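In my numbering, the protein residues as written are 1231 to 1398.
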């Protein structure tokens, strides 16, 4: 938080492992864009991957300190309901499930923030984390600055149909 009104930008860097060999960085989420529903294109907790959803209560109401009632949908199926306390977080994990898209929604209007953490490989050595995409910012076209499917890299696009559980 900038306490004098000067705009700032933030990122969070994470190193993981005994020798700090895994590295990930993600941008901070603007407070004025927090909302009640987020999407991810895919969830993978198969034998090769371990995906976790981290859901935080982003309420700034220090007087009432509301809990957030949160539903998690994967491929249109409600997988779980959480009560996330004020200032708290919950972690969602569905062992063996690989499907999508994923929708995380606060059903009582309390703002939330969510990310998807993924570990890869037989020893879960690779690590990545990304923020959920706000439902009210979904669109029909997305851009990337680069695509690399050379021998050194294998880039894949994962596309989720965000209308699959729009009625839930």
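Heads up, the beta-carbon is just placed ideally off N, CA and C, and yes, glycines get one too.
It should be emphasised that the depicted structure is a prediction, and the values quoted were computed from it without experimental measurement.
Taking 9 Å as the threshold (C-beta atoms), are residue j and residue i in contact?
i: residue 1262; j: residue 1296; result: no
i: residue 1334; j: residue 1283; result: yes
i: residue 1319; j: residue 1362; result: no
i: residue 1254; j: residue 1359; result: yes
i: residue 1348; j: residue 1256; result: no
Roughly how many whole angstroms lie between the Cα atoms of residue i and residue j?
i: residue 1354; j: residue 1236; result: 40 Å
i: residue 1396; j: residue 1249; result: Because residue 1396 carries a pLDDT of 49, less than 50, the predicted location of this residue cannot be relied on, and no value is offered for it.
i: residue 1323; j: residue 1281; result: 7 Å
i: residue 1328; j: residue 1267; result: 21 Å
i: residue 1391; j: residue 1238; result: 34 Å
i: residue 1270; j: residue 1380; result: 26 Å
i: residue 1385; j: residue 1293; result: 47 Å
i: residue 1344; j: residue 1374; result: 22 Å
i: residue 1308; j: residue 1331; result: 12 Å
i: residue 1240; j: residue 1233; result: 14 Å
i: residue 1372; j: residue 1364; result: 14 Å
i: residue 1393; j: residue 1368; result: 10 Å
i: residue 1370; j: residue 1376; result: 19 Å
Going by Cα to Cα distance, which pick from the options is closest to residue i?
i: residue 1313; options: 1300, 1361 and 1322; result: 1300
i: residue 1288; options: 1272, 1265, 1307 and 1244; result: 1265
i: residue 1305; options: 1273, 1367, 1377 and 1232; result: 1273
i: residue 1252; options: 1376, 1357 and 1393; result: 1357
i: residue 1336; options: 1389, 1303 and 1350; result: 1303
Return the chain-ordered list of same chain residues with a C-beta closer than 7 Å to the C-beta of residue i, the five sequence neighbours on each side being excluded.
i: residue 1316; result: 1287, 1289, 1295, 1296 and 1297
i: residue 1326; result: 1275 and 1276
i: residue 1259; result: 1343 and 1361
i: residue 1378; result: 1385
i: residue 1389; result: 1271
Cutting at 6 Å between CB atoms, please list the residues of its own chain near residue i, excluding the five before and the five after it.
i: residue 1245; result: 1253
i: residue 1311; result: 1301
Here's a check: name, in chain order, each residue in its chain whose Cβ is nearer than 8 Å to the Cβ of residue i, leaving out the five neighbours to either side.
i: residue 1366; result: 1265 and 1267
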